[in-house]
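*Asks:* Can you read through this structure? Questions will come right after.
Residue numbers (mature numbering (1 follows the signal peptide of the UniProt record, and there is no 0)): -42 to -1, 1 to 128.
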């Protein structure tokens, strides 16, 4: 029974932040999705003691032995796009320099991570129909981007200015 698939639960949550300790209370399980590509999408809070509300996806494996610390298990998207549009080099650097909620391991998503954001764009929220940069380079002059209107991926000259949504992995 679903032994080879991951189960992804999407739920509303309330979280209380206390000095980098997160306590979350699940309010309502909205849906269950069977997925072979695990990821987590959440809107992090500001790290102060506060109550936040957002959407989170939790990955559950069928057995605990499936967990491997050295393997990427999830993807966390920033709450919103970076302000303005960026050429590829500036987008890459802005993500690398980003520090939010005490985390400084943000990066420009690769083409596969960016596509996961596109597929879950309505759940995550805050995306425009614009083209977004990925970190996936083709050569010195071009990199892969994704149009959030239709999901198409396309090589774009790195000098073009596009939207950016930083991510973190765990």
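Cβ coordinates follow ideal geometry from the N, Cα and C atoms, glycine included.
Predicted model only: the values in this text are computed from it and were never measured.
Compare the Cα-Cα distances from residue 92 to each of 35, 83, 80 and 71 and report the closest residue.
*Replies:* For residue 92, the nearest C-alpha among the options comes from 71.
*Asks:* In angstroms, rounded to a whole number, what distance separates the CA positions of residue 8 and residue 98?
*Replies:* Bear in mind that the predicted position of residue 8 carries a pLDDT of just 41, short of 50, making it too unreliable to give a figure here.
*Asks:* Since residue 75 and residue 103 are thought to touch, with beta carbons under 8 Å apart, how far apart are those beta carbons, to the nearest angstrom?
*Replies:* Not quite, the Cβ-Cβ distance comes to about 13 Å (not below 8 Å), so this is no contact.
*Asks:* Which residues does DSSP pair with residue 67 in a beta bridge?
*Replies:* Its beta-bridge partners do not exist; DSSP assigns none.
*Asks:* In whole angstroms, give me the CA-to-CA distance for residue 88 and residue 35.
*Replies:* Approximately 17 Å, taken between the alpha carbons.
*Asks:* Would DSSP call residue -10 helix, strand or coil?
*Replies:* With a pLDDT of 31 at residue -10, under the threshold of 50, the predicted position of this residue should be treated as unreliable, though the coordinate-derived value follows. Correct three-state label for residue -10: strand.
*Asks:* Rounded to whole angstroms, how far is the Cβ of residue 66 from the Cβ of residue 122, which I believe are closer than 8 Å?
*Replies:* Rounded, the Cβ-Cβ distance is 7 Å, consistent with contact.
*Asks:* By Cβ distance, which residues of its chain are closer than 7 Å to residue 68, with the 5 residues on each side in sequence left out?
*Replies:* Closer than 7 Å at Cβ, skipping near neighbours: 92, 93 and 94.
*Asks:* Using 9 Å as the threshold, is the C-beta distance between residue 52 and residue 33 below it?
*Replies:* Not closer than 9 Å, so no.
*Asks:* Find out if the Cβ-Cβ distance for the pair residue 90, residue 113 is shorter than 9 Å.
*Replies:* Against a cut-off of 9 Å, the Cβ pair of residue 113 and residue 90 comes out as no contact.
*Asks:* On the criterion of 16 or more Cβ atoms from any shown chain inside 10 Å, does residue 55 qualify as buried, or is it exposed?
*Replies:* Counting Cβ neighbours within 10 Å, residue 55 comes out exposed, since fewer than 16 surround it.
*Asks:* According to the Cβ coordinates, are residue 125 and residue 64 closer than 9 Å?
*Replies:* Yes, Cβ-Cβ distance for residue 125 and residue 64 is below 9 Å.
*Asks:* With a 10 Å radius around its C-beta and 16 neighbouring C-beta atoms as the bar for buried, classify residue 50 as buried or exposed.
*Replies:* It is buried - the Cβ of residue 50 has at least 16 other Cβ atoms within 10 Å.
*Asks:* Can you tell me which of 84, 38 and 77 puts its alpha carbon nearest to the alpha carbon of residue 58?
*Replies:* Nearest option by C-alpha distance: 38.
*Asks:* Compute the Euclidean distance between the alpha carbons of residue 101 and residue 78, then round it to the nearest angstrom.
*Replies:* Approximately 22 Å between the Cα atoms of the pair.
*Asks:* Considering only C-alpha positions, which residue in the set 106, 62 and 61 is nearest to residue 83?
*Replies:* Of the candidates 106, 62 and 61, the one whose C-alpha sits nearest the C-alpha of residue 83 is 106.
*Asks:* In terms of alpha-carbon separation, which member of 115, 127 and 85 lies closest to residue 109?
*Replies:* When only C-alpha atoms are compared, the closest one is 85.
*Asks:* So, are the CB atoms of residue 62 and residue 111 less than 9 Å apart?
*Replies:* Cβ distance not < 9 Å, so residue 62 and residue 111 don't count as in contact.
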